[in-house]
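Student:
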Ligand SMILES: Cc1cc2nc3c(=O)[nH]c(=O)nc-3n(C[C@H](O)[C@H](O)[C@H](O)COP(=O)(O)OP(=O)(O)OC[C@H]3O[C@@H](n4cnc5c(N)ncnc54)[C@H](O)[C@@H]3O)c2cc1C
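Residue numbers (the working numbering), protein chains in the order written: chain A, 62 to 321; chain B, 1072 to 1460.
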């Protein structure tokens, strides 16, 4: 079974994250960049499926040159090869533009049975990309998976959202996005780290994928960030003096906030 | 804006992508799996060594710089960087890995027969089997040439009698590399610890390296076949070669402990207010912090220099002594200075500082005491050996 995992490099959640003043895109120099943790889980799931069903695991990444670090991380965990789409024209691409490029990039991998992704990146938090890629590829989308099982040519997924758990089934090929509960990602082993250097990474520009510069980037995106402001600091709490009626006052406050 | 001492020295610019990846993996493993438990392990003097060994083996940490037999085969510098991360967690953890990889596995890898290598190395690399290394005796530490433990031939067998002291991993080991006196000089034996006559009582009441097992080895008529002897090691140069390997890891490791102390002190002094302003804002504090950062960074440059020499096959024993003497001595000084900055909090296990300081007292003594390394360097400088009299 050949699996593609979509991975993204994101600013480390531990470091301070900023948007650039000029165009409100991510200021990539301001923070340490890492492989998004949810993608580590997607890679882990792919490797576990590969261990049972065989085949190859290919990592596909759209991102600037330095995203190679994130790709190496996925390869050192055990993925077999990678496709890296890097092009200056991609700067500022929104989710739809990125999905177009990703779908084309997935198309360069032969005989894909399954596309895995994280359900939502920790930076942009759009959370729509896996469904968009599925739509563009004409494949079923099974999102927010907390469990994935492949049986022959069908895949069963436990989809978990705030509304509850759904049991889904689709025939392969399919696109699946995974949530935090899917697994605990492995640490790359030292042998894996050393082997990663020698694994094939094909670096492509958008021209190689037949994507026109006008369809992507700040200009080709349907959405644009027009303004960004930091969250206002949390206001100081309201103090309730307990004169025997503290409970009532707290309840009144909660009713006032329409919380109870 | 506050900066990490290592970024001030641009240490990362000296590392390859692979070296950084290995370092980051060990750092994250320690943060997830080790650090949350350290204060408990240290306080109760217990650690789940078997389970840990398997996890460390899974990463490829055990015997990582050895080639073949299931070992990862990294550079020596990468091994040093891994030691730094392990010891930033705790010197006891690094000791477990040093003894396994650089003493026990190295001895078998370097001096063992093919059969010994096949039998032990893959299981030791995976962490399924734990090894220890018995050189020191109750009466002979700095001068192991005086050892009394002996092996006598009996037909085609050897019979070992005597005792070893201060042996890391002793009570939990599956295999002990034991150095003994024979009629042919000092020789090494690979001793399965379930051999009749072998026992390894644990040494208790330590106030240093409490998250590490230290034991006595008792050899009472331990009978072994000829095939248990390490064929490649004749004389004291055998065990000394192993010690050189482990010392190399300590050159990096000790700095990990110091770095962790300095990070704690930087965070603490930024938050702690004394006389109405943060402790970090006082000149005396900054003098301490600046001097510590300087020694830490210089130590790291020295360690990396020695690492590059080792990877080029050019590192000499006296040069390892330079690194061990300087970096352990400075690490201990940093740990003690950081302790002062944390005030009373500095004496508790809520912070890693006193734990590191206490651990480093052992690190100062084992693998050649500071004084012994001074004598080695003195000998190199003057051509006059001053070990005796
Ligand atoms: C926690 C721990 C773990 C250890 N693990 C191991 C292990 O796994 N395997 C193993 O074989 N050993 C191990 N050791 C033993 C360690 O290597 C010895 O303790 C060390 O070599 C010093 O020997 P000693 O303790 O007998 O001190 P001594 O040799 O008695 O030294 C006492 C003092 O005398 C000084 N001194 C010695 N000779 C001279 C000289 N010529 N001139 C001036 N001063 C001198 C020393 O520097 C020291 O200050 C361990 C020790 C500790 C504390």
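From the three backbone atoms N, C-alpha and C, an ideal C-beta is built for every residue, glycine too.
Quick check on DSSP: helix, strand or coil for residue 1362 of chain B?
Tutor: For this step, residue 1362 of chain B is matched to residue 291 along the second chain. Three-state result, residue 1362 of chain B: helix.
Student: Could you name the residues that DSSP lists as bridge partners for residue 210 of chain A?
Tutor: Residue numbering aside, residue 210 of chain A sits at position 149 when the first chain is read from its first letter. DSSP, once it has assigned bridges, lists A:217 as partnering residue 210 of chain A.
Student: Rounded to the nearest angstrom, how far is the Cβ of residue 147 of chain A from that of residue 124 of chain A, given a contact under 8 Å?
Tutor: Looking up residue 147 of chain A in the first chain gives position 86. Looking up residue 124 of chain A in the first chain gives position 63. Going by Cβ atoms, the distance from residue 147 of chain A to residue 124 of chain A rounds to 7 Å, so yes, they are a contact pair.
Student: Can you tell me which of the three DSSP states residue 1300 of chain B falls into?
Tutor: The count along the second chain starts at 1 and reaches residue 1300 of chain B at position 229. Strand.
Student: At 9 Å on the CB atoms, spell out the chain B contacts of residue 232 of chain A, in chain order.
Tutor: As a working note, residue 232 of chain A is residue 171 in the first chain. By Cβ distance, chain B contributes nothing, its closest Cβ being about 36 Å from residue 232 of chain A, past 9 Å.
Student: Have a look at B:1167, B:1192, B:1453 and B:1165 and flag the residue whose alpha-carbon is nearest the alpha-carbon of residue 1178 of chain B.
Tutor: Position 107 of the second chain holds residue 1178 of chain B. The option with the nearest alpha carbon to residue 1178 of chain B is B:1192.
Student: Taking the alpha-carbon of residue 1143 of chain B as reference, which of A:309, A:279, A:313 and A:255 has the nearest alpha-carbon?
Tutor: As a working note, residue 1143 of chain B is residue 72 in the second chain. For residue 1143 of chain B, the nearest C-alpha among the options comes from A:255.
Student: Against chain A, does residue 1131 of chain B count as a neighbour if the rule is that its beta carbon must be under 7 Å from one of theirs?
Tutor: The residue you call residue 1131 of chain B lines up with position 60 of the second chain. Yes, residue 1131 of chain B lies at the interface with chain A (some Cβ there is under 7 Å from its Cβ).
Student: Which of helix, strand or coil does DSSP assign to residue 1319 of chain B?
Tutor: Sequence index remark: in the second chain, residue 1319 of chain B carries index 248 (1-based). It is helical.
Student: Please check if any C-beta of chain A sits within less than 7 Å of the C-beta of residue 1383 of chain B.
Tutor: Translated into positions along the second chain, residue 1383 of chain B becomes position 312. With 7 Å as the cut-off, residue 1383 of chain B does not count as an interface residue toward chain A.
Student: If you follow the alpha helix (DSSP H) that residue 159 of chain A is part of, which residue opens it and which one closes it?
Tutor: Taking the first chain and counting its residues from 1, the one referred to as residue 159 of chain A is at position 98. 156-168 is the span of the alpha helix (DSSP H), which, as asked, contains residue 159 of chain A.
Student: Smallest Cα separation from residue 159 of chain A: which of A:317, A:297 and A:194?
Tutor: For the purposes of this step, residue 159 of chain A is identified with residue 98 of the first chain, where counting begins at 1. For the residues A:317, A:297 and A:194, the minimum Cα distance to residue 159 of chain A belongs to A:194.
Student: Mind checking whether residue 1307 of chain B and residue 1355 of chain B have CB atoms under 7 Å apart?
Tutor: As a position in the second chain, residue 1307 of chain B is number 236, starting the count at 1. As a position in the second chain, residue 1355 of chain B is number 284, starting the count at 1. Cβ distance not < 7 Å, so residue 1307 of chain B and residue 1355 of chain B don't count as in contact.
Student: Using DSSP with H/G/I as helix, E/B as strand and the rest coil, what is residue 1233 of chain B?
Tutor: Here residue 1233 of chain B refers to the residue found at position 162 of the second chain. In this structure, residue 1233 of chain B counts as strand in the three-state DSSP scheme.
Student: Quick check on the DSSP output: the alpha helix (DSSP H) that includes residue 1250 of chain B runs from which residue to which?
Tutor: The residue given as residue 1250 of chain B occupies position 179 in the second chain. First-last for residue 1250 of chain B: 1246-1253, but that is the beta strand (DSSP E), not the alpha helix (DSSP H).
Student: Just grab the DSSP bridge partners of residue 1286 of chain B for me.
Tutor: Taking the first residue of the second chain as position 1, residue 1286 of chain B is located at position 215. DSSP output for residue 1286 of chain B lists B:1238 and B:1273 as bridge partner(s).
Student: Would you mind listing the alpha helix (DSSP H) stretches within the segment 178-211 of chain A that are 4+ residues and don't spill past its ends, in chain order?
Tutor: Within the segment 178-211 of chain A, the complete alpha helix (DSSP H) runs of at least 4 residues are 190-198.
Student: For the segment 225-254 of chain A, enumerate the residues whose C-beta is nearer than 7 Å to any C-beta of chain B, in chain order.
Tutor: Cβ contacts with chain B: 248, 249, 250, 251, 252 and 254.
Student: Cα separation between residue 1127 of chain B and residue 1427 of chain B?
Tutor: Locating residue 1127 of chain B in the second chain gives position 56, counting from the first residue. Locating residue 1427 of chain B in the second chain gives position 356, counting from the first residue. Distance between the alpha carbons of residue 1127 of chain B and residue 1427 of chain B: 21 Å.
Student: Note down the Cα distance separating residue 1204 of chain B from residue 1173 of chain B, rounded to an integer number of angstroms.
Tutor: For the purposes of this step, residue 1204 of chain B is taken as the residue at position 133 of the second chain. For the purposes of this step, residue 1173 of chain B is taken as the residue at position 102 of the second chain. For residue 1204 of chain B and residue 1173 of chain B, the distance between alpha carbons rounds to 10 Å.
Student: Buried or exposed: where does residue 1339 of chain B fall if 16 or more other Cβ atoms within 10 Å of its Cβ makes it buried?
Tutor: Along the second chain, one-based indexing puts residue 1339 of chain B at 268. The residue in question, residue 1339 of chain B, is buried, as its Cβ has 16 or more Cβ neighbours within 10 Å.
Student: Comparing the C-beta of residue 1138 of chain B with each C-beta of chain A, is any distance below 7 Å?
Tutor: As a position in the second chain, residue 1138 of chain B is number 67, starting the count at 1. Closer than 7 Å: no.
Student: Under 7 Å, Cβ to Cβ, is there at least one residue of chain A near residue 1082 of chain B?
Tutor: For the purposes of this step, residue 1082 of chain B is taken as residue 11 along the second chain, with counting starting at 1. Answer no: the Cβ-Cβ gap between residue 1082 of chain B and chain A never drops below 7 Å.
Student: What's the call for residue 1073 of chain B, buried or exposed, on a 16-neighbour Cβ count within 10 Å?
Tutor: Counting from one through the second chain, the residue named residue 1073 of chain B turns up at place 2. It counts as exposed.
Student: In the structure shown, what three-state DSSP assignment does residue 1414 of chain B receive?
Tutor: Working through the second chain from its first residue, we reach residue 1414 of chain B at position 343. Note: residue 1414 of chain B maps to helix in three-state DSSP.
Student: Check this for me: beta carbons of residue 1222 of chain B and residue 1251 of chain B, under 7 Å apart or not?
Tutor: Stepping through the second chain from its first residue, residue 1222 of chain B is reached at position 151. Stepping through the second chain from its first residue, residue 1251 of chain B is reached at position 180. Yes, they are a contact pair.
Student: Among B:1395, B:1227, B:1294 and B:1270, which has the Cα closest to the Cα of residue 1241 of chain B?
Tutor: The count along the second chain starts at 1 and reaches residue 1241 of chain B at position 170. Of B:1395, B:1227, B:1294 and B:1270, the residue nearest in Cα terms is B:1270.
Student: Under three-state DSSP, which class holds residue 119 of chain A?
Tutor: Reading the first chain from its first residue, position 58 is the one you call residue 119 of chain A. Residue 119 of chain A falls in the strand class under three-state DSSP.
Student: Could you tell me whether the Cβ of residue 1089 of chain B comes closer than 7 Å to any Cβ of chain A?
Tutor: As a position in the second chain, residue 1089 of chain B is number 18, starting the count at 1. With 7 Å as the cut-off, residue 1089 of chain B counts as an interface residue toward chain A.
Student: Can you find a C-beta in chain A that's less than 7 Å from the C-beta of residue 1266 of chain B?
Tutor: Position 195 of the second chain, counting from 1, holds the residue named residue 1266 of chain B. So, not an interface residue.
Student: Going by the DSSP bridge assignment, what does residue 1124 of chain B pair with across the sheet?
Tutor: In the second chain, the residue the question calls residue 1124 of chain B occupies position 53. According to DSSP, residue 1124 of chain B bridges with nothing at all.
Student: I need the straight-line Cα distance from residue 1368 of chain B to residue 1159 of chain B, nearest angstrom please.
Tutor: For this step, residue 1368 of chain B is matched to residue 297 along the second chain. For this step, residue 1159 of chain B is matched to residue 88 along the second chain. So the two alpha carbons sit approximately 15 Å from each other.
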